[in-house]
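A.B. asks: Take the UniProt record's numbering: the final residue in the sequence shown is number 802, and no numbers are missing along the way.
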Amino acid sequence: MTITLVIFIPFLAAILVPFIYKRVPNRNIGWFILCVPLALFIVLLRFIPAVSSGETYIHTIPWIPSAGINFTTHLDGLSMIFGLLITGVGSLVILYSIYYLSARESLGNFYVYLLMFMGSMLGVIFSDNLMVLYVFWELTSISSFLLIAFWYHRKKSRYGAQKSLLITVSGGVAMFAGFIMLHILTGTFSVQEIIKSIGDYTDSGLFLFAMILVLLGAFTKSAQFPFHIWLPDAMEAPTPVSAYLHSATMVKAGIYLVARFTPVFGGEAVWFYSVTCVGIFTLFWGSLNAVRQTDLKALLAYSTISQLGLIMSLFGLGSAALNEGYSADSVIYTQATFAALFHLINHSTFKGALFMVVGIIDHELGTRDIRRLGGLMSLMPVTFTIALIGSFSMAGLPPFNGFLSKEMFFESIVNARSLGIFEMGTWGNLFPIIAWVASVLTFVYCMIIVFKTFLGEHQPARLDRKAHEGPRGMLLAPMILAFFVVAIFFFPNIVGKYLLSPAMEAVYPPFKGAQGLVPQITVWHGFKPALLMTIGVIVVGALLYVFLRFWKGIFTIEPMRWSLDSLYNKFLVQTEKGSSYLTSFYMTGYLRDYLLYIFTFFIITIGGGLLLTNGFSFDMSGDAPITINEYIIVFVMMGAGIAILFAKSRITAILLNGVLGYSIAIFFVVFRAPDLALTQIIVETVTTSLFLLCFHFLPEWKKEKSSLPAKAVNGIIAILVGTVVTVLALSVQGHKLFTSISIYFEDADELTGGKNIVNTILGDFRAFDTMLEVVVLFIAGIGVYTLVKLKAGMEGPDVEDE
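1) With a threshold of 7 Å between beta carbons, is LEU397 in contact with chain C?
2) Compare the C-alpha of GLY402 against each of SER391, SER412, GLU411 and name the closest.
3) Which residues bound the beta strand (DSSP E) around HIS59?
4) Looking only at its own chain, which residues have a Cβ that is under 6 Å from the Cβ of HIS347, when we skip the five neighbours before and after it?
5) Looking at the ligand MN, does it come within less than 6 Å of TYR21, judged from the CB to the closest heavy atom?
6) Please tell me whether LEU147 and ALA237 are closer than 7 Å, where the distance is taken between their beta carbons.
7) Using a Cβ-Cβ cutoff of less than 8 Å, which residues in the same chain neighbour VAL724 once the five nearest sequence positions on both sides are dropped?
8) Would VAL258 and ALA218 be called neighbours here (beta carbons separated by less than 7 Å)?
9) What is the rounded straight-line gap between the Cα of ALA234 and the Cα of LEU101?
10) According to DSSP, is HIS363 part of a helix, a strand, or is it coil?
11) Hey, quick one: how far does the beta strand (DSSP E) through LEU75 stretch, first residue to last?
12) According to DSSP, which residues form a beta bridge with ASN129?
13) Taking TRP271 as part of the alpha helix (DSSP H), name the residues at either end of that continuous run.
14) Please classify ASP76 as buried or exposed, where buried requires at least 16 other C-beta atoms within 10 Å of its C-beta.
15) Exposed or buried, PRO381, counting other C-beta atoms within 10 Å across all chains shown (16 or more means buried)?
16) Can you name, in chain order, every residue of its own chain whose Cβ lies under 6 Å from the Cβ of LEU660, other than the five neighbours on each side?
17) How many Å lie between ILE716 and VAL732 at the Cα?
18) Check whether the Cβ atoms of LEU215 and SER120 lie closer than 7 Å to each other.
19) Would you report the Cα separation of LEU532 and PHE443, rounded to the nearest angstrom?
20) If you reduce the DSSP assignment to three classes, tell me which class ASP623 lands in.
21) Does the beta-carbon of ASN759 have 16 or more other beta-carbons within 10 angstroms, so that it is buried, or is it exposed?
22) Between THR453 and LEU373, is the Cβ-Cβ spacing less than 7 Å?
23) Does ASP798 come out as helix, strand or coil in the three-state DSSP assignment?
24) Can you round the beta-carbon distance between ALA353 and LEU481 to whole angstroms, since I take them to be within the 8 Å contact cut?
25) Taking 8 Å as the cut-off, does the region 261–269 touch the region 314–325 (at least 3 CB pairs, one atom from each stretch)?
26) If you draw a straight line from the C-alpha of ILE761 to the C-alpha of PRO674, how long is it?
27) Taking contact to mean 3 or more Cβ pairs, one atom from each stretch, closer than 8 Å, check whether the region 128–143 and the region 37–56 are in contact.
28) Cα separation between residue 859 and SER157?
29) Once you ignore the five residues that flank residue 806 on each side, which residues in its own chain have a CB closer than 6 Å to its CB?
30) Between the beta-carbon of THR334 and the beta-carbon of LEU500, is there less than 7 Å?
31) Tell me which residues share the same chain as LEU475 and place their Cβ nearer than 6 Å to its Cβ, disregarding the 5 neighbours each side in the sequence.
32) Would you mind reading off the limits of the alpha helix (DSSP H) that contains ILE488?
33) Note the first and the last residue of the continuous alpha helix (DSSP H) segment covering PHE392.
34) Hey, how far is the Cα of GLU576 from the Cα of ILE212?
35) Just how far apart, CA to CA, sit ASP801 and VAL784?
36) If you reduce the DSSP assignment to three classes, tell me which class ILE369 lands in.
In structure tokens form, the structure reads like this:
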């Protein structure tokens, strides 16, 4: 129950924010909001001892039990890591935002969106039910859209928000389809139940499709190539949003999904190569594009893409351990997953600190353009120190936590090359080369962050504001993150024991408690290929940085100028043109055309369906005989209906339409339904009167002149619709698949005390339905009254004066 509250408390706080916002000074609202993630972080900390000892917590609240959809929460080692990141980094981001955002901003809206996102992310990681997970998954997309578009007056912010929403929601829909397929396969929406039973369904045709669709959801959310294009544009959001969503939380949702479903799909070659290859190429592509950036925030965006690719590739390598069960060879692959989880934590610390540093520079100097910066080390010493720690950690240098996980990355990818699983002997040689090249480029852009920004010549004339150190409050959050960057380096096995160990058992449930599943993290592990690769990265990276101006021109040659963003923009333009053409094709403005579409669709679907299923069959032998009175009424209605077509005035058409209505009332009398007859007469009288009143004020009716082919088409459509409706009614009468619902009302007298069954249905059996219909009419009446008042106000003297 506690974990359920952890999910919903941010949403409850978001509801309360508007009320608090009105009663506290604008600047102080952040201190109230800070209490929410801080309290949740402390709550999750209390679970660490139990979870690290192997306990898991599951709690279920029935939601739609008939469909197998329940609000089930699941806390284990994997969700614990993400929960601590979401609440811990969230606390620091809110602390940072208190000093970063101006009191003139819409802080109430900002914190509502941020709390919505926090609750949605907690819902994603703690949900055990696939449908509930999907709901929260899409809520993260919606809330991130609102956060990215927070400065909605900026065109780039609106564009970035739209781009992220389109790409992530599209992936989410694909993931939803994959979840449905998993449910069809296993008969359950529970992730834990699917993990236990999926072994019986791996040969099914749906299994592969479900795997691919789930990966699409993960790749789009975690900005993997080629879906990475939304992340750089999302950097138009305020820096606290970038530090939270795009370094520690939202982009990690896809990583979480891959880790959570590794026990489901791990051990399959398609999963192994899809996750590993996409991840390793994203690592390279992100680092390559980061070097060419001149905006610090854009550089960090591509570096985030690169680092996410690194983590994703490690999870791909680690999934191979489930192919043949636990063995000495499989331990090599589990090391990759351990490195992925370790780097996941490390990345959140150093990247969050770097985003905040860039925010401080932008906030104090008014620019993030590297070409305008330089010589800030003596003017902003604390900011420089934090940037140095974060950048060197990302580059994989000691004594920072990034060095440890980067070494484990190299070691895992080199060791995996030597194993023959999934023909790694062929492709395995390529993986270390790509990883090493990407790491060299990573080293280069990390040096750009530090040296281009803080060393060199200071250029005060090119800055919007005089350079000075940021406020202490703004420095506090990145200082805390920088502290953890260093502390984890010196005490890594505390993280390994209490966080990484239970997470490994969640990713590898068949290996739970196995010897060697969680390695000992050491700073020095001998002169191994991983260390030699690191030395090579430093040497080659330093040379490339020194001679950067000589080779950076390669980004201007034609192949390097190609961009997936241009393809995306062209796709949007062509889609808009195509939709405009299609809309103009069928939206002609003529009622005749719209009725033609509707009735043609009706004939094809209903008539065609009845033909395909042989539904045009009925038996009229058991029907009651038709008397002369009924024949007369029918012929009167037929005559009135045909006469309407040839009426030359509106009044004549309205009166003939009234004949049809009153004839139906007579039918009700013949069939002994006086209540229905009375209701029909009242309704027909009122509507006929209203028609006559309204049409009296309309201009003179000019009958539409139609060509003979058009009239022929109208006649054919009318005849076919009438035929389909008639035959459908007769066919339904002879095909009673279920017991008539009228049996439910046979005891109406005894149940309600009412003698009239129609009255009892409306007043007792459907009382709420009737009440809500009255409420709808009441709301509609208020709407009409409001529109009339608004129109009267707009026509008043004030508007005219303007």
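Backbone N, C-alpha and C fix where the C-beta goes; we use that ideal spot for every residue, glycine too.
C.D. replies: In this structure, then:
1) The chain inventory of the structure shown lacks chain C, comprising one protein chain alone.
2) Closest by alpha carbon: SER391.
3) From DSSP, the beta strand (DSSP E) with HIS59 extends over 57–64.
4) The residues are GLN307.
5) For the ligand MN, the structure offers nothing, since it holds no ligand at all.
6) Between LEU147 and ALA237, the CB-CB gap stays under 7 Å.
7) Correct list, in chain order: PHE602, ILE603, ILE606, GLY607, LEU610.
8) The answer is yes: Cβ separation under 7 Å.
9) In a straight line, the C-alpha of ALA234 is about 18 Å away from that of LEU101.
10) The three-state secondary structure of HIS363, taken from DSSP, is helix.
11) Segment 69–75, the beta strand (DSSP E) holding LEU75.
12) Looking at the DSSP assignment, ASN129 forms a beta bridge with SER190.
13) Unbroken alpha helix (DSSP H) run through TRP271: 269–291.
14) That one is buried.
15) Exposed: under 16 other Cβ atoms inside 10 Å.
16) Excluding sequence positions up to five before and after LEU660, its CB lies within less than 6 Å of the CB of MET637, ALA640, all in the same chain and listed in chain order.
17) About 24 Å.
18) No. Outside cutoff.
19) Each residue's alpha carbon lies about 15 Å from the other.
20) In this structure, ASP623 counts as coil in the three-state DSSP scheme.
21) It counts as exposed.
22) Their beta carbons are under 7 Å apart, which means THR453 touches LEU373 by this criterion.
23) Low confidence applies to ASP798: its pLDDT is 49, below 50, so where it sits in the model is not reliable enough to give any reading.
24) Contact flag correct, Cβ pair sits at about 4 Å.
25) Contact between the region 314–325 and the region 261–269 is present, because at least three Cβ pairs lie under 8 Å.
26) Cα-Cα distance, rounded: 16 Å.
27) The region 128–143 vs the region 37–56: no contact.
28) Within the shown structure, residues of the chain are numbered from 1 to 802, placing residue 859 beyond reach of any answer.
29) Nothing can be reported for residue 806: it is not among the residues displayed for the chain, which extend from 1 to 802.
30) No Cβ-Cβ contact shorter than 7 Å links THR334 with LEU500.
31) Excluding residues up to 5 positions away in sequence, VAL382 lie with their Cβ nearer than 6 Å to the Cβ of LEU475 in the same chain.
32) Start and end: 472–490.
33) Start and end: 381–395.
34) Each residue's alpha carbon lies about 28 Å from the other.
35) For ASP801, the pLDDT reaches just 42, beneath the cut-off of 50, and the residue's location in the model is therefore unreliable, leaving the point undetermined.
36) Here residue 369 turns out to be Asp, not Ile, going by the sequence shown. The three-state reading of DSSP puts ASP369 in strand, counting E and B together.
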